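Protein chains in written order, with the numbering used here: chain A, 1 to 344; chain B, 1 to 344.
Worksheet for the structure shown next.
There are 2 protein chains.
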Amino acid sequence: MRFETSTIKDIAKALGLSTSTVSRALRDRYEISEETKKLVLAYAEKVNYRANPIARSLKERRSYSIGIIVSEIANNFFSQVINGIESIAYDRGYHVIISQTHESYKQEKLNVEHLASRSIDGLLIALSSETQDINYLRDLYAKGLPIVFFDRVPEDFATHKVIANNFKGAFDATEHLILSGKRTVAHLTNSENLSITRERLKGYQAALAKYHIEFKPELVKYCQHGGMHSEELEQAVKELLPYKPDGIFISSDRLTTGCIMALKKTNPEIAHKIAIAGFTNSNLVELFSPSLTSVKQPAFEMGQVATELLISMIEAKRPVTEFETKILDTELVRMQKTLGNRFL
Amino acid sequence: MRFETSTIKDIAKALGLSTSTVSRALRDRYEISEETKKLVLAYAEKVNYRANPIARSLKERRSYSIGIIVSEIANNFFSQVINGIESIAYDRGYHVIISQTHESYKQEKLNVEHLASRSIDGLLIALSSETQDINYLRDLYAKGLPIVFFDRVPEDFATHKVIANNFKGAFDATEHLILSGKRTVAHLTNSENLSITRERLKGYQAALAKYHIEFKPELVKYCQHGGMHSEELEQAVKELLPYKPDGIFISSDRLTTGCIMALKKTNPEIAHKIAIAGFTNSNLVELFSPSLTSVKQPAFEMGQVATELLISMIEAKRPVTEFETKILDTELVRMQKTLGNRFL
DNA sequence: AAAAACTGTGCAAACGTTCCCAAAAACGTT
DNA sequence: AACGTTTTTGGGAACGTTTGCACAGTTTTT
């Protein structure tokens with residue numbers, strides 16, 4: 001069951017021209033006379049000719065598509081980033097191919113290599129929480145595959161990167177908790193492998209320091225799998241509770257919702273006493289509670305910026321050697337106490 | 001900036017064989033001696049040979065990729081379906097390309113045609129809420145593109161379809177509201193264009209009938225854009241409130257969360273008096289309220305089943321003429337009253 | 001011992017493009 | 001009228017595969 005479309009050859013034959021002429025006419029090359037162009041274009045329109053992108057890719061050795069690697073699309077932050085990516089990519093004539101790692105290094109490597117073999121022209125990637133070894137990316141990069149990192153970026157990789165101002169976002173969220181009277185502010189966070197984890201930890205520490213609150217390492221809990229497994233979260237929450245935190249600063253979308261669920265499940269009686277401030281791009285959290293404050297990342301914009309940088313690399317005539325790391329501001333969304341949480 | 005990989009030709013030259021022999025050895029054809037196979041395989045491994053899928057696609061006139069059209073990936077139902085699709089597709093050697101319509105017909109048509117020109121081998125699609133004219137799909141189907149519909153399916157299109165038991169899901173949810181004492185149960189739903197809208201309406205009506213409650217058309221509100229615009233939802237809620245509903249059955253993920261937000265925003269004082277039961281695959285809703293009951297669709301499974309059907313069509317030697325419509329059961333998840341809603 | 005069958009390999013065409021190079025047509029200049 | 005330019009077109013190779021066919025060498029059959 002194959003379906004057939006008309007090709008350049010068909011048009012050439014029908015019009016008594018050569019394939020080269022037809023090809024050039026379709027691509028609007030200057031060498032072709034207006035007359036012939038019109039003829040070809042009209043006929044192409046008539047038979048509903050669509051260029052075969054596969055053949056074109058083979059010939060030109062590029063696919064006009066860019067690969068995206070995220071941990072999960074079912075994550076508001078990432079799906080917003082993807083929307084930003086698409087908004088730019090499609091305008092510039094690129095197609096996007098999305099792959100999910102589900103926070104697994106193995107899956108990440110597999111997906112990247114799969115994409116690379118599909119001859120993507122460039123790669124946009126946010127590393128998985130498991131990833132430590134990025135040599136496979138270095139290899140591809142060295143072979144000429146343009147790569148732009150976003151959100152979760154490696155430190156020692158000379159290419160463009162786009163991140164949120166994680167330090168400030170974390171600082172603001174933590175400060176907010178402190179200013180609302182919390183003194184024992186715990187920190188629930190992602191794998192230590194991630195750049196965002198390190199940066200947000202620093203912001204948390206800086207806020208504590210500003211208010212002369214001692215930093216206690218035991219109040220920081222890491223989740224290696226970024227909260228993909230609920231046991232992981234429940235365990236973290238369980239270990240945190242003995243210290244009687246009155247506030248928790250949480251460093252990711254998935255962890256924020258996961259933590260609330262874990263609290264609800266394991267310790268419903270004290271859950272409402274703990275104020276939470278966390279990174280999240282979900283607008284649903286507004287529904288949770290008056291004490292949940294969120295740090296929103298400019299996800300859509302991040303996708304746009306990253307894509308523009310990537311396309312500039314792809315289309316550069318000479319190898320790019322000057323790289324930038326764009327840092328975008330986050331926004332702290334405080335919940336209004338007044339609305340209450342039991343509006344239902 | 002292009003990057004080079006070794007090809008069959010390179011291997012052939014290095015080993016003093018012909019490209020045909022190398023190709024056959026790599027594909028493990030019977031004609032090739034074990035000895036040569038080993039030789040080729042070893043060398044291919046050594047130079048890290050990756051077959052060029054583009055060339056293969058061109059030659060075989062298929063791309064080993066399937067297109068997916070959903071309204072939004074930032075929707076738990078669809079992202080779970082996609083995970084289901086991927087789980088099967090990758091196993092069977094297919095790649096997936098995801099496109100979003102954002103509930104726009106124009107976008108849907110554009111995306112489908114784009115995918116078709118990228119020579120996808122088959123299409124999995126859930127129609128946008130705006131879609132009424134599916135002739136463009138008929139054309140592609142007639143040209144030989146295998147299509148399987150899921151979730152939002154057209155009535156008069158002879159191909160495989162996979163849907164949830166929307167009637168029963170709606171019936172159960174509505175009955176649940178009635179059994180918990182609600183007598184004025186409104187229905188907030190999607191565009192009338194959609195199959196799910198019609199089926200769920202019937203389930204709602206049947207439940208009312210079972211308990212001898214009169215069906216009132218004014219208690220049913222349609223959202224043409226599936227809740228993509230918040231004004232749309234706020235308007236619907238506003239129109240519903242004068243009838244003083246004590247329960248609302250909501251027919252989709254996005255509408256459920258959107259409705260709660262609209263209630264919170266416009267009428268926080270009465271919001272908590274209204275019980276809600278809705279179709280949603282978000283596990284976050286568990287956090288909302290004790291009175292929110294959800295109908296969960298077997299999204300992951302739906303993706304799997306649809307993909308298996310699609311691949312069977314793609315790989316069929318002769319045109320398929322017998323089609324099935326698989327109906328999967330939904331699950332009603334009642335909230336436990338005990339946990340309360342202000343656990344935070 | 002010749003014919004038949006089988007094994008393993010190579011040649012070459014094809015998939016639908018793009019593009020280098022050359023050829024033809026049109027035009028202008030002397 | 002002969003030549004040089006410019007404009008327009010065509011021939012054909014190439015991109016990296018797969019595969020039908022042919023062919024050589026080996027084995028089996030009669």
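C-beta: ideal position from N, C-alpha, C; glycine also.
The model shown is predicted, which means the values in this text are computed figures rather than measured ones.
Output, in chain order, the set of chain B residues within a Cβ distance shorter than 7 Å of residue 287 of chain A.
-> 260, 261, 264 and 288
Selection from B/284, B/314, B/325 and B/263 that minimises the alpha carbon distance to residue 75 of chain A = B/284
DSSP-derived helix/strand/coil call for residue 182 of chain B | coil
Any C-beta of chain A under 8 Å from that of residue 186 of chain B = no
Between the region 70-90 of chain A and chain B, which residues of the former have a C-beta closer than 8 Å to a C-beta of the latter?
-> 72, 73, 74, 76, 79, 80, 82, 83 and 86
Mind pulling the chain A residues with CB within less than 7 Å of residue 257 of chain B?
-> 284
Residue 260 of chain B, enclosing alpha helix (DSSP H) - first and last residue = 253-266
Note down, in chain order, every chain B residue with its Cβ under 7 Å from the Cβ of residue 55 of chain A.
-> 58
At which residue ranges does the region 5-88 of chain B contain complete alpha helix (DSSP H) runs of 4 or more residues, listed in the order of the chain?
-> 8-15, 19-26, 34-46 and 53-60
What's the C-alpha gap between residue 342 of chain B and residue 272 of chain A?
-> Reliability fails at residue 342 of chain B, whose pLDDT of 38 lies under 50, so the model's placement of it is uncertain and the value that follows must be treated cautiously. Going from the Cα of residue 342 of chain B to the Cα of residue 272 of chain A covers about 6 Å.
With respect to the alpha helix (DSSP H) encompassing residue 205 of chain B, which residues constitute its N-terminal and C-terminal limits?
-> 195-210
When A/149, A/287 and A/181 are compared against residue 258 of chain B, the one with the closest alpha-carbon | A/287
What does a CB cutoff of less than 8 Å around residue 348 of chain B pick up in its chain, not counting 5 residues either side in sequence?
-> Beyond the ends of chain B as shown, which are 1 and 344, falls residue 348 of chain B; an answer cannot be given.
Of all Cβ atoms in chain A, is any one closer than 8 Å to the Cβ of residue 339 of chain B?
-> Note on residue 339 of chain B: pLDDT 39, under 50, position unreliable in the model; no value is reported.
Can you tell which of A/183, A/167, A/304 and A/123 has the C-alpha that lies nearest to the C-alpha of residue 216 of chain A?
-> A/183
Under a Cβ-count criterion, where at least 16 other Cβ atoms within 10 Å of its own Cβ denotes burial, should residue 155 of chain A be classed as buried or exposed?
-> exposed
Contact check, residue 306 of chain B vs residue 150 of chain B, beta carbons under 8 Å | yes
Between which two residues does the alpha helix (DSSP H) containing residue 307 of chain A stretch?
-> 299-315
Taking Cβ-Cβ distances below 8 Å as the criterion, which residues of the region 41-55 of chain B are in contact with chain A?
-> 50, 51, 52, 53, 54 and 55
Alpha-carbon spacing of residue 292 of chain A relative to residue 205 of chain A, whole angstroms | 20 Å
Whole alpha helix (DSSP H) runs in the region 101-126 of chain A with 4 or more residues, listed along the chain?
-> 105-117
With contact counted as at least three CB pairs below 8 Å, one residue from each stretch, are the region 190-203 of chain B and the region 237-245 of chain B in contact?
-> no
Residues that residue 118 of chain A contacts on chain B, provided the C-beta gap is smaller than 8 Å = 53, 54 and 95
Rounded C-alpha distance that separates residue 120 of chain B from residue 228 of chain A = 32 Å
Starting from residue 277 of chain A, follow the beta strand (DSSP E) in both directions and report where the run begins and ends.
-> 275-279
Minimum Cβ-Cβ distance from residue 129 of chain A to chain B less than 8 Å | no
Output the boundary residues of the alpha helix (DSSP H) element that contains residue 238 of chain A.
-> 230-240
Go ahead and pull the three-state DSSP assignment for residue 145 of chain A.
-> coil
Starting from residue 346 of chain A, find everything on chain B with Cβ-Cβ shorter than 9 Å and list it in chain order.
-> The displayed coordinates of chain A run from 1 to 344. Any statement about residue 346 of chain A would go beyond what the structure contains.
Of the residues A/103, A/209 and A/176, which one's Cα is nearest the Cα of residue 73 of chain A?
-> A/103
Applying a beta-carbon distance threshold of less than 7 Å, which residues of chain B neighbour residue 98 of chain A?
-> 98
Separation of residue 48 of chain B from residue 117 of chain A, as counted between CA atoms | 11 Å
Where do the N-terminal and C-terminal ends of the beta strand (DSSP E) with residue 247 of chain A fall, by residue?
-> 247-250
Do the region 51-69 of chain A and the region 84-99 of chain A touch if we need at least three Cβ pairs shorter than 8 Å?
-> yes
Quick one: grab the DSSP three-state call for residue 271 of chain B.
-> helix
If residue 332 of chain A sits next to residue 173 of chain A, beta carbons under 8 Å apart, how far is it from one beta carbon to the other, in whole angstroms?
-> 6 Å
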